[in-house]
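Note that numbering that gives the first Met the number 0 gives residue 175 to position 176 of the sequence shown, counting from 1, and the numbers run on in steps of one. Heads up: the structure comes next, in structure tokens.
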Amino acid sequence: MTETVGFIGVGLMGHGMAKNILKQGYALTIMGHRNRTPVDNLVSLGAVEATSLAQVASNSSIVFLCLPGSPQVEAVVAELMATLNKGAIIVDCSTSDPVSTLRLGEQLAGQGLHLVDAPLGGTPVQAEEGQLSALVGASQEVFDRLKPVIDAWAGTVVHIGGPGDGHKMKLLNNFLSLGYAAMYSEALALGEKVGISAQTFDNAIRGSRMDCGFYQTFMAYSLEGNRESHKFTLTNALKDMRYLESMADAAGLANPIGNAAKNSFAMAVSTGGDGDQDYIPHLVDFVARQNGIKR
């Protein structure tokens, strides 16, 4: 069976993913986006721009979603499921609430459709290069069918388990990374207060056991002001930490460290700032200002 692919959400991450699907020769239908630049580029490369979600569904055996979160996913799935052919797969690459994912999966299964969760790891640059990571929740049969298409945009594909497990693992992953961001921001602020500059801090950490890829993209902003280093918004970070809190509550687990990190992002988002232009590394600025430090 030759898969035909639909893609909804060709923004920062979705553009690169969709571009690499096209490169592998798949027929691609995309839904228009408020930012015309990625849409026009993909159309120039051979994608078909749909005028409705129903058109995406009717053209596609596999539909990828790359959306802000569960409310948007739920709304889109409700429209797609009315038109998709039996056996079609919806792949949610968003970081979504696993409770919602499991509920949607049951609804789709009742109509002979499949929902797969395949949240992403990486940056927009890695999306353009086809080197994202994917954490996949799906049955083995559906995973085997889907994997060649995911391979178009992912350098690492991990089959975590059944439906919903990809989103659970993604929240655990983001708990670690966003926890790092909160700790880095507070450590840098404390360092400034006691006479340890950000550069001295980096000289000690970089190359040590405490170094990692996330640290390097975070510090690219802290040291060099590179706003492009990690384009993941503070608003989305807060959303993910709230989903983590919900998952912990449902599991009956105390999550004090997660709540502390969530509060750091909540305080930053509540100040306004640059909105969609405020990314994770910019948390360092909010924590500094909160403590009377000029950056």
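Glycine is no exception: its CB is placed at the ideal position from the N, C-alpha and C atoms.
DSSP places SER132 in the uninterrupted beta strand (DSSP E) bounded by 131–136.
The C-beta of PRO255 has fewer than 16 other C-beta atoms within 10 Å across all chains shown, which makes the residue exposed. DSSP places GLU191 inside the alpha helix (DSSP H), whose first and last residues are 164–192. VAL76 is the residue among ALA81, VAL76 and ALA287 whose C-alpha sits nearest the C-alpha of LEU101.
In the DSSP annotation of this structure, the continuous segment of the alpha helix (DSSP H) that includes MET16 starts and ends at 13–22.
A Cβ-Cβ distance of about 20 Å is found for the pair VAL55 and THR36, leaving them out of contact under the 8 Å criterion.
Annotation for ASP284: ARG294 place their beta carbon closer than 6 Å to its own, counting only its chain and skipping 5 residues before and after. Between the beta-carbon of HIS14 and that of LEU41 there is about 7 Å, and that keeps the pair under the 8 Å contact cut. Per DSSP, the unbroken alpha helix (DSSP H) holding VAL72 starts and ends at 69–79.
The shortest CA-to-CA distance from ALA74 to any of LEU103, SER60 and HIS166 is the one to LEU103. By the Cβ rule, the segment 60–67 counts as touching the segment 81–98, because three or more pairs are nearer than 8 Å. With distances taken between CA atoms, MET16 lies nearest to ALA126 out of GLY86, THR122 and ALA126. When C-alpha distances from PHE264 are compared across GLY224, ALA250, ALA117 and TYR179, the shortest belongs to TYR179. Under the three-state reduction of DSSP, TYR25 is assigned to coil, being neither helix nor strand. For LEU64, the secondary structure class from DSSP, reduced to helix, strand or coil, is strand. DSSP places THR36 in the helix class (H, G or I) of the three-state scheme. Membership of ILE279 in any alpha helix (DSSP H) is not indicated, and neither H nor E is assigned to it by DSSP. If you check the CB distance, GLY165 and LEU134 come in under 9 Å. In the pairwise beta carbon analysis, the segment 149–162 is classified as not touching the segment 220–233: fewer than three pairs are separated by under 8 Å.
In the assembly as shown, MET168 is a buried residue. Its beta-carbon has 16 or more other beta-carbons within 10 Å. Residue ALA46 holds the alpha-carbon nearest to the alpha-carbon of GLY31 among ALA247, ALA46 and ALA151.
Here the segment 173–190 lies against the segment 237–248, with 3 or more beta-carbon pairs under 8 Å apart. The beta carbons of LEU79 and LEU119 sit about 20 Å from each other, so the pair does not count as a contact at 8 Å. DSSP places MET246 within a helical segment (H, G or I) once states are collapsed to three. Between LYS85 and GLY111 a beta carbon distance of about 4 Å is seen, short of the 8 Å cut, so the two are scored as contacting.
Nearest C-alpha to ALA197 among SER184, GLU140, HIS113 and SER207: SER184. In this structure ALA247 touches GLY257 by the C-beta definition: roughly 6 Å separates them, less than 8 Å. Sequence-distant partners of ALA287 (beyond 5 residues in either direction) whose C-beta falls short of 6 Å from its own C-beta, in its chain, are ALA188 and ARG294. In its chain, beyond the 5 residues on either side, no residue has a beta carbon closer than 6 Å to the beta carbon of LYS18.
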